[in-house]
Each structure stands twice: as structure tokens, then as C-alpha cells.
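Numbering-wise, the sequence shown is residues 1 to 374 according to my numbering. Ideal Cβ placement from N, Cα and C applies to all residues, glycine included.
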Amino acid sequence: MPASNADSRQQQRAAIKGSTKGPILINVSQLTDFDEIIDVRSEDEFAQDHIPGAINCPVLDNAQRAQVGTIYKTISSFDAKKTGAALVSANIARHLQEQFRECPPDWRPLVYCWRGGGRSGALAHVLYQIGWRVGRLDGGYKAYRRAVIADLDHLPSRFGWRVICGLTGSGKSRLLRALKARGGQVLDLEALAAHRGSVLGNLPDEPQPAQKMFESLIWNELRNFSAARCVYVEAESKKIGNLRVPETLIAAMWSGECVQLDAQLALRVKLLKEEYAHYIDRPQTLIAKLECLTGLYGHETINKWKRFTLAGQWDALTEDLLLRHYDPAYTRSTLKHYPNLPRAHKLELGDTGDAAFDALAGNCLAGHETVRTQ
């Protein structure tokens with residue numbers, strides 16, 4: 001009879017713990033069996049995408065990869081390998097002194113590179129010779145990326161989705177955080193995307209991740225969720241800033257059950273002033289964003305918003321933006337994409353304090369934290 005999943009998992013862990021023949025090859029399903037995940041690719045490769053939680057310890061940095069590549073093309077592969085070996089050796093020695101010096105004897109690292117070959121093999125061999133039980137990701141980052149793409153194609157359909165809907169400024173993101181604090185399963189896409197999902201949504205001094213990294217972050221959240229419990233998410237369109245939400249995920253969200261969060265206009269203005277306070281100190285940045293809407297509203301409206309900005313009339317600006325721009329656009333988009341909205345569980349925000357959002361989260365969980373049967 002085939003081994004159960006639990007038996008298979010125990011066998012994998014036993015192999016990792018007891019291997020005496022060198023670093024062992026593992027697959028993506030075994031990532032959580034290790035104490036540390038080490039990405040030995042260059043800084044640029046790491047920035048584009050990496051396994052969430054991994055640390056970057058390049059065995060060849062950006063400049064060194066370019067140097068070795070130039071030698072390979074202009075002189076010979078032999079000379080490139082000699083130069084590369086010297087650089088790799090020096091970098092591994094530095095990582096041992098700076099990064100791994102205090103790691104205990106029972107530390108279990110996992111190492112990976114682009115294809116799971118030379119770069120990861122070099123560091124894994126040295127770590128193994130020291131005495132650590134080392135894993136090496138079979139197929140490297142490329143195998144990991146294939147697994148992410150495959151998983152994102154089916155993972156979203158495993159969950160029951162509860163989509164938080166509401167006009168801009170009604171506190172949807174605050175409610176998500178309160179739900180998470182109460183133990184709810186929450187996928188906060190705007191937090192993962194480092195963007196609030198509107199023309200003014202860029203976060204100060206925090207660039208958005210690359211598209212592949214965004215997908216990795218989503219994958220990492222979904223793989224740790226229980227399919228027996230619903231997942232709460234904020235209503236989104238296909239893009240958050242410059243990033244695309246995976247098609248299977250947005251389709252699952254659009255077909256999910258809805259929670260409607262309502263708030264009076266004055267409360268929404270107050271919440272938005274808190275969330276976008278960074279523009280108060282950067283009025284010219286805000287004006288540049290507003291000018292992007294000239295094609296929609298014309299110079300007269302944009303100039304009025306500029307005057308509000310320069311005069312510090314934040315209540316008037318926020319209210320006019322909500323009524324003229326955000327509310328009509330959000331209403332059209334939500335009604336179009338979320339057919340279950342008319343049957344939504346309704347919540348009303350009474351004030352902007354943490355206690356109010358905690359109370360709403362409790363109400364939401366009591367009415368919607370149902371167990372799915374497979």
C-alpha cells in the first residue's frame with residue numbers, strides 16, 4: 001500500500017536528518033523542513049523573486065557575474081571557471097564568517113540557485129563538510145517558479161472567499177487587519193503589493209515588488225491557509241498599482257460571498273486623511289498624481305483640486321475626490337465584478353477607533369467563519 005502523507009513526510013524528514021552521503025536533493029513541498037533557506041543567486045536575481053523568507057547570500061554578486069560572463073565570452077570557459085571559482089570561494093568564506101558563524105550543530109539549511117547546480121552546490125558542499133545537514137533544492141529557482149505557477153492555477157479554488165466590499169475610505173483594510181488579529185484567515189493583497197490600489201495608492205518610500213515576487217508572496221500565504229476555513233480579502237480589480245492579480249485568484253474572488261462595509265462620508269474623509277497623511281508633507285507629489293486625471297475631469301476640476309491641496313484644505317479635497325472620482329468608479333467596478341454583492345452581509349462603521357473595527361471583525365467572524373466540507 002502507498003504510504004500516507006504523514007508517513008511520507010516523516011520519511012522525508014528522516015532522510016534530511018540522517019543523510020550521511022552529502023547534501024540531499026529536496027523538492028518544493030519540503031521547504032518547511034529546514035531552519036533557513038539560502039538563495040545564493042545575485043542581488044538582482046533575488047530582488048526579482050525568491051522563496052519568501054529566504055536570505056540572500058550570493059556566491060557571485062551582480063558585478064562578479066558580469067565579470068565571469070565577459071571572460072567566458074571573450075577568452076574561454078576555462079578561464080571563466082578559474083576566475084569564478086576564486087570569487088565563489090572568497091564569498092563563501094565571507095558568508096561563513098558573517099552569516100553562519102553562530103549557527104548551532106543541528107542547524108538545517110536549504111540552499112538553492114537558478115537551476116540547482118554549480119552555485120548552490122558549492123555552498124551546500126562546504127556547509128555539509130562542516131557538519132550541517134544540508135538540503136539542496138532540486139531544479140533550483142526554476143523548479144520553484146514552476147511549482148508556484150502550477151499551484152496558483154488551482155489553489156484559489158480550494159477556499160471559500162469572503163470579499164470585503166465598500167466605498168473608498170470605508171475602512172476595508174483596517175477591517176482586514178482586525179479580522180487577522182482575531183485569528184481570521186486574511187489575504188491582504190494591497191499589503192503584499194505595497195499599494196493601496198488607486199491612482200494615489202503608492203506607499204511612501206516603499207516600491208512595489210516585482211510581479212513574480214508578488215505572486216510568490218500570494219502563493220506563500222495561500223499554501224499556509226486551511227481549506228476548511230474561509231479566507232477574507234478586500235474587493236480588488238485585476239491590477240493593484242502596476243501588479244496583476246493572478247487570474248485564477250481574481251476569478252475566485254469575484255465569485256465569492258460579499259461583506260458590505262458602509263461608513264458615513266465624514267468618517268471616510270477622516271480615515272483617508274489618516275491613511276494618506278504622507279501627502280500632507282508632499283503636496284507637489286500629490287499634485288503630480290492628480291494631474292494624471294486631467295484627461296478624465298478636465299483642467300478646471302484638476303485646478304480646483306490643486307488649489308485645495310496648496311491651501312491645505314484636506315477635508316474639501318478628500319470629499320470632492322470621493323464624490324466625483326472614487327465613488328462612481330468603485331460602484332461601477334464592484335457591481336460589475338461581484339455578482340453576490342446584493343446578498344452581502346452588511347456592516348456599519350460607527351467610528352474610526354480600533355475598538356470599532358474589532359467589534360466589526362467579531363460580527364463578521366460570527367456570521368461567516370463557516371467550515372467547508374470537501
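- From the listed residues 329, 85, 220, the smallest Cα separation to residue 118 is found for 85.
- In this structure, the alpha-carbon of residue 35 lies about 28 Å from that of residue 229.
- Straight-line spacing of the CA atoms in residue 249 and residue 157 works out to 8 Å.
- A straight-line Cα-Cα distance of about 24 Å links residue 358 and residue 193.
- For residue 366, the number of other beta carbons within 10 angstroms of its own is below 16, and it is reported as exposed.
- For residue 245, the secondary structure class from DSSP, reduced to helix, strand or coil, is coil.
- Less than 7 Å divides the Cβ of residue 120 from the Cβ of residue 40.
- Counting the other CB atoms within 10 Å of its CB gives residue 62 a total below 16, which places it among the exposed residues.
- In the three-state reduction of the DSSP assignment, residue 39 falls in the strand class, which pools E and B.
- If you check the CB distance, residue 243 and residue 284 do not come in under 7 Å.
- Secondary structure of residue 229 (DSSP, three-state): strand.
- Just measuring C-alpha positions, the residue of 64, 98, 93, 96 sitting nearest residue 82 is 64.
- Classified as exposed, residue 226 has fewer than 16 neighbouring CB atoms from the shown chains inside 10 Å of its CB.
- The region 178 to 188 makes no contact with the region 198 to 215, as fewer than three CB pairs between them are under 8 Å.
- In this structure, residue 233 lies near residue 253, with their beta-carbon atoms less than 7 Å apart.
- By the C-beta criterion, the region 255 to 264 is judged to be in contact with the region 167 to 177, since at least 3 inter-stretch pairs fall below 8 Å.
- When only Cα atoms are considered, residue 125 and residue 231 end up about 42 Å apart.
- Note on geometry: alpha-carbon atoms of residue 300 and residue 329 lie some 20 Å from one another.
- The shortest C-alpha to C-alpha distance from residue 281 to any of 302, 295, 311 is the one to 311.
- The straight-line gap separating the alpha-carbon atoms of residue 270 and residue 321 is approximately 13 Å.
- Per the DSSP secondary-structure output, residue 164 pairs in a beta bridge with 234, 259.
- According to DSSP, residue pairing for residue 239 in a beta bridge involves 244.
- Bounds of the alpha helix (DSSP H) holding residue 275 are 265 to 275.
- Linking residue 58 to residue 32 through their CA atoms gives a straight-line distance of about 22 Å.
- Taking each of 360, 338, 342, 347 in turn and checking the Cα distance to residue 161, the smallest one comes out for 338.
- In this structure, 364 is the residue among 364, 318, 342, 336 with its C-alpha nearest to the C-alpha of residue 349.
- Residue pairing for residue 112: DSSP places it in a beta bridge opposite 39.
- By the CB criterion at 7 Å, residue 136 and residue 111 fall inside the cutoff.
- Within the same chain, and ignoring the five residues on either side of residue 316 in sequence, the residues whose Cβ sits closer than 7 Å to its Cβ are 308.
- Per DSSP, the beta bridge partners of residue 346 are 260.
- In the same chain as residue 29, and ignoring 5 residues on each side of it, no C-beta atom comes closer than 7 Å to its own.
- In the structure shown, the three-state DSSP call for residue 50 is coil.
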